[in-house]
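2 protein chains.
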Amino acid sequence: MMAPWDLYVIITTNLGGGRPTLELVRQALAGGATAIQLREKDLPARELVELGREIRQLTRAAGATFIVNDRLDVALAVEADGVHIGQEDLPARVARELLGPGKILGVSTGTVLEARQAVADGADYLGVGSIYATRSKEDAGEPIGLAGLKAIRAAVTVPLVAIGGINSNNAAEVIAAGADGVAVVSAVIGAPDVAAAARELLAAVRRARH
Amino acid sequence: MMAPWDLYVIITTNLGGGRPTLELVRQALAGGATAIQLREKDLPARELVELGREIRQLTRAAGATFIVNDRLDVALAVEADGVHIGQEDLPARVARELLGPGKILGVSTGTVLEARQAVADGADYLGVGSIYATRSKEDAGEPIGLAGLKAIRAAVTVPLVAIGGINSNNAAEVIAAGADGVAVVSAVIGAPDVAAAARELLAAVRRARH
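Top line first, the protein sequences correspond to chains A and B. Numbered continuously in full-length UniProt numbering, the first sequence closes out at residue 210. Numbered continuously in full-length UniProt numbering, the second sequence closes out at residue 210.
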């Protein structure tokens with residue numbers, strides 16, 4: 001299954017300036033987000049399922065990919081397109097087996113070793129970062145920079161979604177370094193105008209590619 | 001799939017007096033626990049999988065049932081016998097569908113209405129409580145007492161595992177009120193001698209039944 005990773009917007013409601021989850025999703029989609037990830041570490045599964053069902057409808061209507069972070073069971077329950085796992089979540093190989101072949105598996109990686117392992121375990125795409133310093137994710141570790149991204153690009157062939165401190169000013173160099181798309185949290189959902197921020201970032205990604 | 005619910009020990013490591021998870025499990029099984037539930041709300045999925053795999057081996061060797069709380073994906077990943085969900089976890093009907101027919105689905109209930117709904121949604125057994133006041137679960141709500149348990153017993157035919165403030169002094173009246181077994185946290189894993197506490201409680205349950 002292929003997906004366009006140009007602009008991958010991660011929704012974590014408490015980074016959205018007090019706006020409701022579904023409003024953030026609607027605005028991100030209105031601005032052209034090609035993928036939405038629901039990443040809520042502190043919500044009970046029942047709430048995740050309720051939100052996930054709504055986001056499934058919104059993303060389907062917009063032609064966008066919908067990915068659930070960590071909770072593979074919730075991803076299946078809401079018929080998301082796939083699940084994204086970090087290095088502390090389910091082991092990738094286990095996730096691949098539970099998901100079956102028809103769903104997308106994304107894995108967060110920061111090194112060539114992790115990237116190779118994730119692909120061997122069945123990842124369909126990789127989250128790669130942090131590229132730059134970021135405050136959206138406390139446990140993001142030291143930035144790997146464009147050099148780190150290039151090294152992973154040289155090592156694997158699956159799509160790479162770069163993450164960490166990316167905005168419309170630096171998106172071009174990230175794409176030039178080999179990313180297939182950019183993932184953002186605050187740069188879009190923390191912006192005063194979410195749709196406008198998404199639109200600007202998507203334009204920067206597409207300009208960089210052509 | 002049937003399981004003996006006589007003594008259902010819930011493992012939440014931080015209620016275990018500083019002892020390691022697997023030591024608590026080993027001691028509970030040594031004392032005769034017939035079912036073990038892993039309930040860790042704050043551990044990453046990767047750690048749950050690692051613990052779950054070990055508990056799967058220990059419970060299999062002891063002939064005990066192994067249930068994972070909330071994380072259906074983890075339950076499947078470690079080949080647990082089933083999953084237990086509360087009213088804030090995955091909806092029971094969704095859990096039933098994702099689990100398939102070969103796994104056990106348990107649902108926490110406190111009223112006849114919830115109990116009937118859970119059975120209609122596919123629950124194989126019900127957790128019923130809190131019977132008495134308890135400090136192990138902050139969100140347990142007002143105790144339903146033996147009267148609440150009897151009402152649920154009269155309403156459904158699936159096995160009932162009573163929970164909440166149960167110990168070897170009151171276990172007999174809980175069984176007499178219609179419970180098929182008792183679930184405990186602190187009464188076993190908080191005891192100075194976990195195996196002895198399990199043994200004493202199991203004996204009380206079995207005496208009450210015969």
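Ideal Cβ placement from N, Cα and C applies to all residues, glycine included.
Problem set entry | Helix, strand or coil at I175 of chain A according to DSSP, with G and I counted as helix | Reduced to three states, the DSSP call for I175 of chain A is helix.
Exercise. V94 of chain A: which of B:L105, B:L76, B:L15 sits nearest, CA to CA?
Worked result: Across the set B:L105, B:L76, B:L15, the C-alpha of B:L76 shows the shortest separation from the C-alpha of V94 of chain A.
For this session: Pull up the distance between the alpha-carbon of G106 of chain B and that of N14 of chain B, whole angstroms please.
Result: Cα atoms of G106 of chain B and N14 of chain B: separation of roughly 23 Å, rounded to the nearest angstrom.
For this session: Determine the direct distance from the alpha carbon of E47 of chain A to that of G32 of chain A, and round the result to whole angstroms.
Result: One C-alpha to the other measures close to 26 Å.
Exercise. Do you know how far the Cα of T59 of chain A is from the Cα of M2 of chain A?
Worked result: The predicted position of M2 of chain A is uncertain, since its pLDDT is 47 and thus under 50; a value taken from the coordinates is nonetheless stated next. The alpha-carbon atoms of M2 of chain A and T59 of chain A are separated by roughly 15 Å.
Problem set entry | At least 3 beta-carbon pairs within less than 8 Å: the stretch 147-162 of chain A vs the stretch 116-133 of chain A | The answer is yes - the stretch 116-133 of chain A touches the stretch 147-162 of chain A, with three or more Cβ pairs under 8 Å.
Exercise. So which residues on chain B does A195 of chain A lean against when the C-beta distance must stay under 9 Å?
Worked result: Around A195 of chain A, no beta-carbon contact reaches into chain B at under 9 Å, the shortest distance being about 32 Å.
For this session: Could you tell me whether any Cβ in chain A is nearer than 7 Å to the Cβ of V94 of chain B?
Result: So yes, V94 of chain B belongs to the interface.
Exercise. For R153 of chain A, which residues of its own chain have a beta-carbon under 8 Å away from its beta-carbon, when the five flanking residues on both sides are left out?
Worked result: Excluding residues within five positions, the ones whose Cβ falls inside 8 Å are L160, A177, G178, A179.
Exercise. Identify the residues that DSSP records as bridge partners of V94 of chain A: which are they?
Worked result: Beta-bridge pairing links V94 of chain A to no other residue.
Exercise. Is N14 of chain B helix, strand or coil by DSSP?
Worked result: Correct three-state label for N14 of chain B: helix.
Exercise. Among A:P4, A:D124, A:A196, A:V205, which residue has its Cα nearest to the Cα of H84 of chain A?
Worked result: The shortest Cα separation from H84 of chain A among A:P4, A:D124, A:A196, A:V205 belongs to A:D124.
For this session: In the DSSP assignment, find the alpha helix (DSSP H) that holds L58 of chain A and state where it starts and stops.
Result: Residues 45-62.
Exercise. Is A77 of chain A close to chain B, meaning its C-beta is less than 7 Å from at least one C-beta of that chain?
Worked result: With 7 Å as the cut-off, A77 of chain A counts as an interface residue toward chain B.
Exercise. Under three-state DSSP, which class holds G190 of chain B?
Worked result: In the structure shown, G190 of chain B sits in coil (DSSP, three-state: anything other than H, G, I, E or B).
For this session: Kindly examine the ligand ATP and report whether one of its heavy atoms sits closer than 6 Å to the Cβ of V194 of chain B.
Result: Absent from the structure shown: the ligand ATP. Ligands present: none.
Exercise. Based on the DSSP output, what are the partners of Y125 of chain B in its beta bridges?
Worked result: DSSP output for Y125 of chain B lists B:G106 as bridge partner(s).
Problem set entry | chain B residues whose Cβ lies nearer than 7 Å to that of V49 of chain A | What V49 of chain A touches in chain B: L90, P91, V94.
Exercise. Going by the beta-carbon positions, is the gap between D73 of chain A and L72 of chain B smaller than 7 Å?
Worked result: Less than 7 Å separates the beta-carbon of D73 of chain A from that of L72 of chain B.
Exercise. DSSP on residue 229 of chain A, reduced to helix/strand/coil?
Worked result: The question about residue 229 of chain A has no answer, for chain A in this structure spans 1 to 210.
Problem set entry | D89 of chain B burial status per 10 Å Cβ neighbour count (16 or more: buried) | Burial state of D89 of chain B is buried, judged by a 10 Å Cβ sphere holding 16 or more other Cβ atoms.
Problem set entry | DSSP-derived helix/strand/coil call for T21 of chain B | DSSP places T21 of chain B in helix when its eight states are reduced to three.
For this session: Check the Cβ of L72 of chain A against every Cβ in chain B and list those closer than 8 Å, keeping chain order.
Result: Below the 8 Å Cβ cutoff, chain B contributes D73 as neighbours of L72 of chain A, in chain order.
Exercise. Among A:E79, A:G141, A:T157, which has the Cα closest to the Cα of R116 of chain A?
Worked result: Nearest of A:E79, A:G141, A:T157 to R116 of chain A, Cα basis: A:T157.
Exercise. Looking at the C-beta of L98 of chain B, does it have a partner C-beta in chain A at a distance below 7 Å?
Worked result: At a cut-off of 7 Å between beta carbons, L98 of chain B contacts chain A.
Problem set entry | Cross-chain neighbours of P44 of chain A in chain B, by beta carbon under 7 Å | Neighbours of P44 of chain A on chain B, chain order: E88, D89.
For this session: Output the distance between the C-alpha atoms of E97 of chain A and I104 of chain A, rounded to the nearest integer angstrom.
Result: Spanning the two alpha carbons is a distance of roughly 12 Å.
Exercise. Can you tell which of B:G100, B:G52, B:D6, B:T34 has the C-alpha that lies nearest to the C-alpha of T12 of chain B?
Worked result: With distances taken between Cα atoms, T12 of chain B lies closest to B:G52.
Exercise. What does I67 of chain A pair with, by DSSP beta-bridge criteria?
Worked result: Bridge partners of I67 of chain A: A:Q37, A:G82.
For this session: Determine, using beta carbons only, whether T34 of chain A and A61 of chain A come nearer to each other than 7 Å.
Result: Taking 7 Å as the cut-off, the beta carbon of T34 of chain A is found no closer than this to the beta carbon of A61 of chain A.
Problem set entry | DSSP bridge partner residues for G181 of chain A (one or two, in chain order) | According to the DSSP secondary-structure assignment, G181 of chain A is paired through a beta bridge with A:V161.
For this session: Tell me whether V119 of chain B sits in a helix, a strand or coil according to DSSP, three-state version.
Result: In the structure shown, the three-state DSSP call for V119 of chain B is helix.
For this session: Just mark Q57 of chain A as buried or exposed, buried being the case when its beta carbon has 16 or more other beta carbons within 10 Å.
Result: The residue in question, Q57 of chain A, is exposed, as its Cβ has fewer than 16 Cβ neighbours within 10 Å.
Exercise. To which residues of the same chain is V25 of chain B closer than 7 Å at the C-beta, ignoring the five residues directly before and after it?
Worked result: Non-local beta-carbon contacts of V25 of chain B in its own chain, meaning distances under 7 Å to residues more than five positions away in sequence, involve I11, I36, I55, L58 in chain order.
For this session: Could you check the C-alpha separation between I175 of chain A and G100 of chain A for me, to the nearest Å?
Result: Rounded to whole angstroms, I175 of chain A to G100 of chain A spans 30 Å at the Cα level.
Exercise. Would you call the CB atoms of A171 of chain A and A196 of chain A closer than 7 Å?
Worked result: The answer is no: Cβ separation not under 7 Å.
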